[in-house]
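Here the working numbering is used: the first residue of the sequence shown is 22, the next is one more, and so on.
Written below as structure tokens is the structure these notes are about.
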Amino acid sequence: MAYAAFRSIGAYAPTRVLTNAELSTLVDTSDEWITKRTGIKERRIAAKNEFTSDLGMKAAQKALERSDVSVDDIDMVVCATISPDYFCMPSTAAIISTKLGIKGATAFDISAACTGFVYALSIAKAFIESGMKKNVLIIGAEKLSAITDYSDRGTCILFGDGAGSAVICATEDKSEAIIDIHTGADGEYADLLMTPNGGSGSSHDALADEASSCFMQMKGNETFKVAVKTLTKDVKEILADNNLTADKIVHFVPHQANLRIIKAVGDALKMKKEQVVLTVSKYGNTSGASIPMAINDIYESGNLKTGELMLLDAFGGGLTWGSALIPFAPKQ
Ligand code: COA
Numbered sequence: 022m023a024y025a026a027f028r029s030i031g032a033y034a035p036t037r038v039l040t041n042a043e044l045s046t047l048v049d050t051s052d053e054w055i056t057k058r059t060g061i062k063e064r065r066i067a068a069k070n071e072f073t074s075d076l077g078m079k080a081a082q083k084a085l086e087r088s089d090v091s092v093d094d095i096d097m098v099v100c101a102t103i104s105p106d107y108f109c110m111p112s113t114a115a116i117i118s119t120k121l122g123i124k125g126a127t128a129f130d131i132s133a134a135c136t137g138f139v140y141a142l143s144i145a146k147a148f149i150e151s152g153m154k155k156n157v158l159i160i161g162a163e164k165l166s167a168i169t170d171y172s173d174r175g176t177c178i179l180f181g182d183g184a185g186s187a188v189i190c191a192t193e194d195k196s197e198a199i200i201d202i203h204t205g206a207d208g209e210y211a212d213l214l215m216t217p218n219g220g221s222g223s224s225h226d227a228l229a230d231e232a233s234s235c236f237m238q239m240k241g242n243e244t245f246k247v248a249v250k251t252l253t254k255d256v257k258e259i260l261a262d263n264n265l266t267a268d269k270i271v272h273f274v275p276h277q278a279n280l281r282i283i284k285a286v287g288d289a290l291k292m293k294k295e296q297v298v299l300t301v302s303k304y305g306n307t308s309g310a311s312i313p314m315a316i317n318d319i320y321e322s323g324n325l326k327t328g329e330l331m332l333l334d335a336f337g338g339g340l341t342w343g344s345a346l347i348p349f350a351p352k353q
């Protein structure tokens, strides 16, 4: 039987830094308020002519360089994004494939907001285990600045741009295999976090109002509470299903939305400080890119070693959620 191995990681963060101090010149807020309520100090913003596909391509290039897989061997590309280059089509995955020189591989986007990378991972695992694909490139890429309302202090302080990518390959070695992935969704909570305009559900009036057509809107306080509950429950379930306890996890990689959410979840799960991966202070919430950017951070700092067990835990608009148990399995 083929198993799916998490071979490599890469990420890209645009160079422009947007600080809390700069945001406080745009809306009525302060560095102190943002830091205390979210843990975010700064976030990255893509250039005007830098698209989500450019961010994704740069992250994917790094992931490919760090794997032993060439672009010719990639047979599927999945991009998780809520800020695609183009509304509906073509998919950002197809554009990234072409920018990388990948020809003829299956390519499509998925929409699962901040859980997108975990969903993409589950798709890669399923295609590989079924024998349909061998080398899958997955990407979480977001230019959230394009759908952020910089006059709304409840959202604009949270989000940033970036991308992360991983190469997932078939292996016969069970010790390298992604152990388990859980994903779920509940549309009952759809209105907590949404881009209400611009789709077929919009009125023509809203469509005409171009300026607000694709901006994110959020009920922050309610989202916070559901996030803590869902992220904690999800991890408890995947650990129990696999007869594992929190102390076996080397790197707990939660979605980087808010430091207070991460702390509440980490405490509820009895994770030690050194287990919890944190990048929220420097990148803010980059939605589908947040988890792979965080994995890349531990990789580039030399803290991610072969065989070490990662536990991913994500939550996002939809609502969606997902968790994954993954040994890091670079090609030896
Ligand atoms: N600066 C200053 N004050 C602000 C502010 C800002 N950027 N944003 C909101 N406030 C104010 C509110 O207007 C409110 O004022 P009031 O008491 O006079 O009415 C007060 O701060 C408290 O607002 P509240 O929304 O209850 O704050 P909070 O502690 O819940 O923090 C968030 C707001 C958005 C930081 C927090 O709710 C959050 O992070 N939620 C989760 C968001 C998230 O993770 N989303 C993505 C999920 S994938």
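Backbone N, C-alpha and C fix where the C-beta goes; we use that ideal spot for every residue, glycine too.
Item                                                                                                   : Value
Cβ-based neighbour list, aspartate 207, same chain, cut-off 7 Å, excluding 5 preceding and 5 following : Leu340
Among Pro111, Gly337, Ala289 and Gly328, nearest to alanine 310 - alpha-carbon criterion               : Gly337
With 16 other Cβ atoms within 10 Å as the buried cut-off, status of alanine 261                        : exposed
Distance cut-off 7 Å: alanine 248 Cβ against heavy atoms of the ligand COA                             : yes
Any non-hydrogen atom of the ligand COA within 7 Å of valine 278 CB                                    : Note on residue identity: the sequence assigns alanine, not valine, to residue 278. True, at least one ligand heavy atom lies under 7 Å from that Cβ.
DSSP state of lysine 57 mapped onto helix, strand, coil                                                : helix
heavy atom of the ligand COA below 7 Å from glycine 178 C-beta                                         : Correcting the residue identity first, residue 178 is isoleucine in this sequence and not glycine. Yes.
Bridge partners - aspartate 130, DSSP secondary structure assignment                                   : Cys100
Local conformation of leucine 179 per DSSP, three classes                                              : coil
Pair within 8 Å by beta-carbon distance, isoleucine 319 and leucine 299                                : no
Alanine 67 versus Val48, Tyr33 and Ser88, residue with shortest Cα-Cα distance                         : Tyr33
Tryptophan 342 beta carbon near the ligand COA (any heavy atom closer than 7 Å)                        : no
Same chain, Cβ closer than 8 Å to glycine 35, neighbours up to 5 away in sequence not counted          : Before going further, note that residue 35 is proline rather than glycine in the sequence given. Arg65, Ile66, Ala67, Ala68, Glu71, Leu76, Asp182 and Gly183, listed in sequence order.
Boundaries (first-last residue) of the alpha helix (DSSP H) holding methionine 22                      : No alpha helix (DSSP H) contains methionine 22, which DSSP labels as neither H nor E.
Bounding residues of the beta strand (DSSP E) (the contiguous stretch that carries serine 311)         : Segment 311 to 321 is the alpha helix (DSSP H) holding serine 311; no beta strand (DSSP E) there.
Simplified DSSP assignment, three categories, for lysine 352                                           : coil
Burial state of arginine 37, where buried means 16 or more other Cβ atoms lie within 10 Å              : exposed
With 16 other Cβ atoms within 10 Å as the buried cut-off, status of glutamate 163                      : buried
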